[in-house]
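Participant:
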Amino acid sequence: PSARLASTAGPGTEGPQRRVVVVRITSPFAWLRTRFYSLLIRLYFDQEFSIEEFTRGAKQAFSVVSKLLSQRKLDLLEELVSAEVLQVLKEKISLLPDSHRDALAADVDAIMYTTEGDVRIYYDDDGIKFVSILMCFWYLNGANLPDEVPGEAKVFQIVFGDENTKEKKHLLTANYEFQREFTEGAKPDWTITRIEHPRLLE
Numbered sequence: 004p005s006a007r008l009a010s011t012a013g014p015g016t017e018g019p020q021r022r023v024v025v026v027r028i029t030s031p032f033a034w035l036r037t038r039f040y041s042l043l044i045r046l047y048f049d050q051e052f053s054i055e056e057f058t059r060g061a062k063q064a065f066s067v068v069s070k071l072l073s074q075r076k077l078d079l080l081e082e083l084v085s086a087e088v089l090q091v092l093k094e095k096i097s098l099l100p101d102s103h104r105d106a107l108a109a110d111v112d113a114i115m116y117t118t119e120g121d122v123r124i125y126y127d128d129d130g131i132k133f134v135s136i137l138m139c140f141w142y143l144n145g146a147n148l149p150d151e152v153p154g155e156a157k158v159f160q161i162v163f164g165d166e167n168t169k170e171k172k173h174l175l176t177a178n179y180e181f182q183r184e185f186t187e188g189a190k191p192d193w194t195i196t197r198i199e200h201p202r203l204l205e
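The sequence shown begins at 4 in the working numbering and counts up one residue at a time.
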């Protein structure tokens, strides 16, 4: 998706307020594939599964986890993130500059767009059943990032207000993969098995 600025007159303001409009460009194939796998999950694993409800929960989880990462409170992630991913995060977070660490945090209200990147259903050699859903998030963050970040990739910048009150925010992306075991007797919990903040934490 792409982002553009639109002006709207807000109550109690003398001039136009700035807001971000994310233009959604969805692949019909990707949309159909996601709905097909959602149907399979309902038919064979969880009759009450809803991709819309899952997406709402994923947004909340992303906000909580990203803030804890930013605050370096990794011990609080043990019930939410897989042990393998958590170990890698501990090594990477310690090396991040403060500005990049601040940029990891995403308020729920600052999440501009969310979409499913991939949905997978698979079995391991022991017959254990898993469902994995990759979620992609676009969010605004006001961290003091340079115009160019490692990898020489451009970060989208959005300026709100006039010259006297302007506020610069960055439109950033993150990819979180959620996995749940559906073997009989397994806990009905989703675990984050992949965390990527491109150009910040990969």
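No residue lacks a Cβ here, since even glycine has one placed at the ideal position from N, Cα and C.
1. Considering only C-alpha positions, which residue in the set Leu137, Val68, Leu92 is nearest to Arg183?
2. Report the start-end ranges of each alpha helix (DSSP H) in the stretch 88-136 that is 4 residues or longer and not cut off at the edges.
3. Could you say if the stretch 30-48 and the stretch 88-102 meet the contact criterion of at least three C-beta pairs nearer than 8 Å?
4. According to the neighbour-count rule (16 or more other Cβ atoms, all chains shown, within 10 Å of its Cβ), is Lys172 buried or exposed?
5. With a threshold of 8 Å, are at least 3 pairs of Cβ atoms found where one atom belongs to the stretch 63-80 and the other to the stretch 46-53?
6. Please identify the residue among Phe32, Cys139, Arg59 whose C-alpha is closest to the C-alpha of Ala177.
7. Quick one: what's Lys62 bridged to in DSSP?
8. According to DSSP, simplified to helix, strand and coil, what is Trp141?
9. Based on Cα-Cα distance, which residue from Arg197, Leu92, Lys70, Thr117 lies nearest to Arg59?
10. Looking at the secondary structure, which residues open and close the beta strand (DSSP E) in which Arg197 lies?
11. Distance, Cα to Cα, Leu72 vs Ser85?
12. Let me check understanding here. Comparing Cα to Cα, which of Gly188, Glu55, Glu56, Pro100 lies closest to Arg75?
13. Are the Cβ atoms of Leu1 and Leu174 separated by less than 8 Å?
14. For the alpha helix (DSSP H) containing Arg45, list its first residue and its last residue.
Facilitator: Let's see:
1. Taking the first residue of the sequence shown as position 1, residue 183 is located at position 180. Measuring from the Cα of Arg183, the nearest candidate turns out to be Leu137.
2. As far as the stretch 88-136 is concerned, its whole alpha helix (DSSP H) runs of at least 4 residues are 101-105.
3. No, the stretch 30-48 is not in contact with the stretch 88-102.
4. Looking up residue 172 in the sequence shown gives position 169. Classification for Lys172: buried.
5. no
6. Translated into positions along the sequence shown, residue 177 becomes position 174. The shortest Cα separation from Ala177 among Phe32, Cys139, Arg59 belongs to Cys139.
7. For the purposes of this step, residue 62 is identified with residue 59 of the sequence shown, where counting begins at 1. Lys62 has no beta-bridge partner at all, per DSSP.
8. Position 138 of the sequence shown, counted from the start, is the residue given in the question as residue 141. Reduced to three states, the DSSP call for Trp141 is strand.
9. Taking the sequence shown and counting its residues from 1, one reaches residue 59 at position 56. When C-alpha distances from Arg59 are compared across Arg197, Leu92, Lys70, Thr117, the shortest belongs to Thr117.
10. Start at 1 with the first residue of the sequence shown, and residue 197 comes out as number 194. Segment 194-199, the beta strand (DSSP E) holding Arg197.
11. As a position in the sequence shown, residue 72 is number 69, starting the count at 1. As a position in the sequence shown, residue 85 is number 82, starting the count at 1. Each residue's Cα considered, the two are about 14 Å apart.
12. Looking up residue 75 in the sequence shown gives position 72. For Arg75, the nearest C-alpha among the options comes from Pro100.
13. In the structure as shown, the chain starts at 4 and stops at 205, and residue 1 therefore has no counterpart that could be examined.
14. For this step, residue 45 is matched to residue 42 along the sequence shown. First-last of the alpha helix (DSSP H) with Arg45: 31-47.
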